[in-house]
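Numbering (my numbering), first residue to last: 1 to 1199. Think of the CB as a built atom: it goes at the ideal place given N, C-alpha and C, for glycine as much as any other residue. For clarity, every value in this text was computed on a predicted model and none was experimentally measured.
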């Protein structure tokens, strides 16, 4: 225990253990092997050294000297180990006090140095060391591997190479040959990997600063809050993150990839260039030099990106400014509020500069560019800018090669795409001015308030709108389409000509040598001159249009001061001449389909032709001097002036039209006549006669009258009036023939409709009595509703025209507007009064027209129909579940009148075994002594205590339940030992009064409970040994009558009374020993028909009846010896479907049927031999939930 081992001069101790006091020494020859030195520690093996497998305990200190070598040693809490000149320490752990020096020949392997820290390996190489208190020097030969130096930090590896080192307090220098891999340098930061350099996966944190020199290359480095990274002359930085202080420098060889430089910003990647996926934030900056290339760069608020050798891709500069020089090319760059991008060698794609100014030089080409508020876009020599938008300051130019497509230049305006021209879908704003030069072509352009657009030598401008200042010049090859030139007006389309659908509000248009203008509107200043001919649909409200040479003008309107000149071989089609305007056809010219009105004048002379002219009110057509007019129509107020040499044919004239015989003088001896057969009008004045053939445009039979007067020049003016002898055509019909067919003349609506002359007055009569009148509309349609009583009528309608001609039509019909009378009520109102609309019986009855069909509806849903008998009585029983309804009965008669009646009804079919009146079936139980109790349900489980209904004190026992007094609550039918029966009236789960009923006959027993007379009160059904079925019909808890329902043979047993056909009366269900199931349909307490329902297979038995499918009709429920439960669905007294409900486990038995959750669908009750009572909740005939109500005490059984 006291310890101390001293093995002297030549030394050597083998397997020694020196304990509690510790201290062991083996001198000059040294060597202690397998030594364990305990609590106070201290071991020394001298000059030739060597310590092997030693353990030095709590006091610590291990010294192995000049020859060195210590292996597998552990030095404890006081720590400290020296292994000298020959060095080598292996698998050693030096703890809390720390220390370890392994000298000149170095090497320490797997060493752990703890909280005091500090490891010095002089000749170099330490492997897997961990120093918790920090500090490690591995010198001249260098190399440390997997070392972790903690909170105090600092590792210096002189000859280079450190792998997987972690220094959480910061500071690592790996010198000369360099190379550090997977290094983490902690909070104070600083990593220096020198000369031949390379640091891989290093993370230098909060204080930041990392450098990898002359050979450069830092890969995956993260430098934190203080930032600053430098990988020098051969450069290369990859996946680097430089934090809040920012600054990243990768030098001469360049290349930085996936870098992020933060808030202070700034990144230089020099001569070899290339920066990829870099984000440089708030302080901004980035220089990538001569060999250039920056990819996916984001430079933020202070902005500025310079890529010298060219090419930047996907860059975003929020503070603005980007130069991409000699080789040019920038793609997807966004330079923001300060704006400005200059790409020297050309090509910029998808750039957005919101502060404005972009110049793309030499080779040019910019695509999808937006230049913001100050504007200016210059795309040079070979030109082309696509989709550029140059805003508020405006100005955009794409030079010698030209071409700007989809460009928008805003408020200051001005766009120029030069020598080869081409501008497409351009918008030039308020300052206006668009210049597209020598090659020409501008498409879809809009030039705004200042106006002005020049498209030169190649010409062609399309869909252009040049506004308020106006102007447009499209030169020698011409063509302008859909152009609008506004208030300043003026459009010149030169030598090649052709302008289409142009509108010039300020007027003036020249379309020259090639001619052709289409749909042009030249307004108040007027004037259009189309030299090569052809103008179509032109409107000149200020007047003056000349269409020359080949001529042709179509649909022209010439306004107030207007002049239309169609000459030589010219033709004008569809022209309108108005308000002082003038049109002339001469020298072979033709005016076709011209309208002259409101002060306009059409002159036809010297071989001119006018075809199909309409002369309206105020218009004048003058024909003479060799002129030809064919098919002119002279309307009321229009004038046809006939001058010497006129050639007229096919002239039509309306009443009020005027013929001016220019060569005939008006005087008292003038005579005018008209031959109806030849249709020739003759005028003779002072022995001079002229004739003209006139057609009546109405085509009706009649004659002509004249009014003669002198024109302003004294010539004869004849005003024509046609007197018509043809009666107008008038028709009449019923607006709605509502009878069995659309033509049977039977209706409930007296409204009449028909046709007459537009604006004509139609008079309606019944015999000689005028019923009223109406006016036909512009389409000649009229309608009228006379006031008539029901009955048969023959009405006449007439129209009398201005000439006194009368047209008539008659109509015979029968009017029946009286709706039939229909009533609707309950057959049995079984509620608290006979008029409260509350019933357990669905049957309806009422009256209607004898033989009529009555339709019953619930809202919009048709429930069915019934036919009224010869006395007008009808009945119907709808299929409805319990609930509130508003029912409607309607009858529609032959005339389409509908009578109706409504009935508000509440269906409350008795809920089985509801003895407390809460609308839910209750669980009753009897004990072995004959006691009866109600087990109330509270939230789906039995209440803590039952409610006792009665006992066997007087020999009474439970038999059944039923509503025997019609109050909606089930009562108890009890039977005494002597066979007599009694009704116990129930209220709120307690007996309120009892009624002795008497004793059934000998051999007769109670078989079922049901309402067989439909009065809403359940009756008691008994079966005798001979098969006779008797009913004790109940009222107010007493037997009201005893009736015979029917007879069957003794093999059949009455099994249930339930409503199988939804007629409001319960039917009877029978079974026999062979498994057959049959039913009697019952009405008014008597069986009226019997039918077989089906055959139960072996092992099955009928157990109950109730509506398990929720369709409003009772179903039959069966159980099998295997525990399977199934149902037969019955509709209209016929089994229509069958299905399995579920299967109960062994130990369970069927106990009853009832609506235990008040959802309107019957549920099934089961009991277990242990006393547990449970229900199956049903939906659509399937058990969807099983839940236990609780456990009955011993000797109690659910009934």
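Alpha-carbon spacing of residue i relative to residue j, whole angstroms
| i | j | result |
| --- | --- | --- |
| residue 918 | residue 1072 | 37 Å |
| residue 327 | residue 363 | 10 Å |
| residue 47 | residue 71 | 17 Å |
| residue 259 | residue 342 | 25 Å |
| residue 1192 | residue 966 | 31 Å |
| residue 1006 | residue 986 | 20 Å |
| residue 193 | residue 176 | 8 Å |
| residue 1239 | residue 1175 | Nothing about residue 1239 can be read from this structure; the chain reaches only from 1 to 1199. |
| residue 1036 | residue 837 | 19 Å |
| residue 1077 | residue 1058 | 14 Å |
| residue 994 | residue 1038 | 10 Å |
| residue 82 | residue 45 | 11 Å |
Residue span of the beta strand (DSSP E) that contains residue i, given as start and end
| i | result |
| --- | --- |
| residue 341 | 341–343 |
| residue 1034 | 1028–1035 |
| residue 1053 | 1052–1058 |
| residue 63 | 62–64 |
| residue 267 | 267–269 |
| residue 41 | Premise fails: residue 41 is in no beta strand (DSSP E) and is neither H nor E. |
| residue 1083 | 1076–1083 |
| residue 1118 | 1115–1120 |
| residue 232 | Taken as a continuous stretch (DSSP letters only), residue 232 belongs to no beta strand (DSSP E), as it is neither H nor E. |
| residue 396 | 396–398 |
| residue 1163 | 1163–1168 |
| residue 1070 | 1067–1072 |
Beta-carbon contacts of residue i that lie in its chain and below 8 Å, excluding the five residues immediately before and after
| i | result |
| --- | --- |
| residue 1 | 19, 20 and 21 |
| residue 245 | 208, 225, 226, 227, 228, 262, 263 and 264 |
| residue 1075 | 1095, 1096, 1097, 1098 and 1100 |
Per-residue DSSP class, three states only, for residue i
| i | result |
| --- | --- |
| residue 807 | strand |
| residue 717 | strand |
| residue 1102 | strand |
| residue 1152 | strand |
| residue 1143 | strand |
| residue 758 | coil |
| residue 666 | coil |
| residue 1126 | strand |
| residue 984 | strand |
Same chain, Cβ closer than 6 Å to residue i, five either side skipped, listed in chain order
| i | result |
| --- | --- |
| residue 840 | 830, 908, 909, 910 and 1016 |
| residue 161 | 142, 143 and 179 |
| residue 852 | 868 and 891 |
| residue 424 | 405 and 443 |
| residue 616 | 597, 635 and 638 |
CA nearest to the CA of residue i, picked from the options
| i | options | result |
| --- | --- | --- |
| residue 233 | 255, 220 and 242 | 255 |
| residue 182 | 220, 159, 1142 and 1019 | 220 |
| residue 750 | 794, 963, 941 and 616 | 794 |
| residue 903 | 961, 5, 926 and 842 | 842 |
| residue 725 | 733, 702 and 217 | 702 |
| residue 139 | 154, 85 and 120 | 120 |
| residue 914 | 931, 927, 928 and 937 | 937 |
| residue 113 | 593, 147 and 206 | 147 |
| residue 747 | 778, 466, 791 and 68 | 791 |
| residue 448 | 457, 440, 1022 and 465 | 465 |
| residue 901 | 856, 880 and 1116 | 856 |
| residue 1049 | 1157, 1028, 1068 and 454 | 1028 |
Check: residue i C-beta below 7 Å from any heavy atom of the ligand SAH
| i | result |
| --- | --- |
| residue 580 | This structure lacks the ligand SAH, and indeed carries no ligand of any kind. |
Neighbourhood of residue i by C-beta, 7 Å cutoff - its chain only, sequence neighbours within 5 removed
| i | result |
| --- | --- |
| residue 780 | 755, 756, 757 and 758 |
| residue 134 | 117, 149, 150, 151, 152, 153, 154 and 169 |
| residue 318 | 300, 301, 303 and 336 |
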